[in-house]
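Peer 1: Structure incoming, see below.
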Amino acid sequence: MVDIMPAELSAAEKIFGDRLDLAKRYVEHLATSGTERGLIGPREIPRLWSRHVLNCAVIESEIPEGSHVADVGSGAGLPGLCLAIARPDLELTLIEPLERRVIWLQEVVDDLGLDNVTVMRTRAELAVGHVEADVVTARAVSALSNLAGLTIPLLAGKGEVVAIKGRSAAEEIEKAAKTIRKLGGVETSVLTVGEHLLEEPTTVVRIVVNKSQKKA
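Position 32 (the sequence shown) corresponds to 1124 in this note's numbering; numbering is contiguous.
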């Protein structure tokens, strides 16, 4: 059983509510088979809750009810599976190219009985036309200048990208601004999420996309 500190438990209860037991089972998967198969480094086990699961799950507050969410480069299900557990009203498509990760994700989805999740083994650019999301999420995939081209096309012209980023978020936005505009991004901002819940809140880049209002 992975230890959860009192402050983390309090945050987890607020985010996951009556689905907290599912979140705990997911963390056990990360700590056991996820580590054995190289999806999570063994050194991360003590901070699975704080640095990974809660850090990801807290962005659920930025996603409108009933959205179809595509999670690009889902890896160990961060943030895709965290969102699926926290928000049963969402429909999640986890996009992951590596077979071993896809197999693990499907095993976890099946074990947790998450009927709002579809796992797709493909690259993000190849999923365009097959997935039309309202919101696209990503964490630790690539720099925003590259990530914009992997995520925005999955919105089919309208929606939002909600990307978990680090301290260099503003700098990344500056470098990616031209690409984002070209792809239909009309508004890009840096948000700090979970300030009242987490010791270290989550930094998010939000890109609002609306090709019909594309700026020159």
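Cβ atoms here follow ideal geometry from the backbone N, Cα and C, with glycine treated the same way. Since the structure is predicted, the reported quantities are computational estimates derived from the model, not experimental observations.
1. Expressed to the nearest angstrom, what Euclidean distance is found between the alpha-carbon atoms of residue 1296 and residue 1284?
2. Tell me the rounded alpha-carbon separation between residue 1143 and residue 1206.
3. Taking Cβ positions, are residue 1233 and residue 1301 nearer each other than 8 Å?
4. Scan the segment 1100-1157 and note each continuous alpha helix (DSSP H) run of 4 residues or more that stays entirely inside, going in chain order.
5. For residue 1179, which three-state DSSP category applies?
6. Measuring straight from C-alpha to C-alpha, what distance separates residue 1132 and residue 1249?
7. Nearest to residue 1181 by CA position, among 1157, 1127, 1192, 1174, is which residue?
8. Buried or exposed, going by whether 16 or more other CB atoms sit within 10 Å of the CB of residue 1218?
9. By Cβ distance, which residues of its chain are closer than 6 Å to residue 1257, with the 5 residues on each side in sequence left out?
10. Would you be able to state if there are at least three C-beta pairs under 8 Å between the segment 1219-1229 and the segment 1262-1270?
11. Would you call residue 1280 buried or exposed, if buried means 16 or more other Cβ atoms sit within 10 Å of its Cβ?
12. Under the three-state reduction of DSSP, which class applies to residue 1201: helix, strand or coil?
13. Tell me, which residues are paired with residue 1163 by DSSP?
14. Give every residue of the same chain whose Cβ lies closer than 6 Å to the Cβ of residue 1147, excluding the five residues on either side of it in the sequence, and list them in chain order.
15. Do you know offhand how far residue 1274's Cα is from residue 1169's?
16. From which residue to which residue does the beta strand (DSSP E) around residue 1251 run?
17. Could you give the distance in angstroms between the alpha-carbon of residue 1175 and the alpha-carbon of residue 1260?
18. Please classify residue 1135 as buried or exposed, where buried requires at least 16 neighbouring CB atoms within 10 angstroms.
19. Which term fits residue 1098, buried or exposed, when burial requires 16 or more other beta carbons within 10 angstroms of its beta carbon?
20. In this structure, does DSSP put residue 1279 in helix, strand or coil?
21. So, with DSSP's three-state summary, where would you put residue 1243?
Peer 2: Per the coordinate set shown:
1. 6 Å
2. 23 Å
3. no
4. 1112-1121, 1146-1149
5. coil
6. 34 Å
7. 1157
8. exposed
9. 1295, 1297
10. no
11. buried
12. helix
13. 1186, 1229
14. 1294
15. 30 Å
16. 1250-1257
17. 24 Å
18. exposed
19. exposed
20. strand
21. helix
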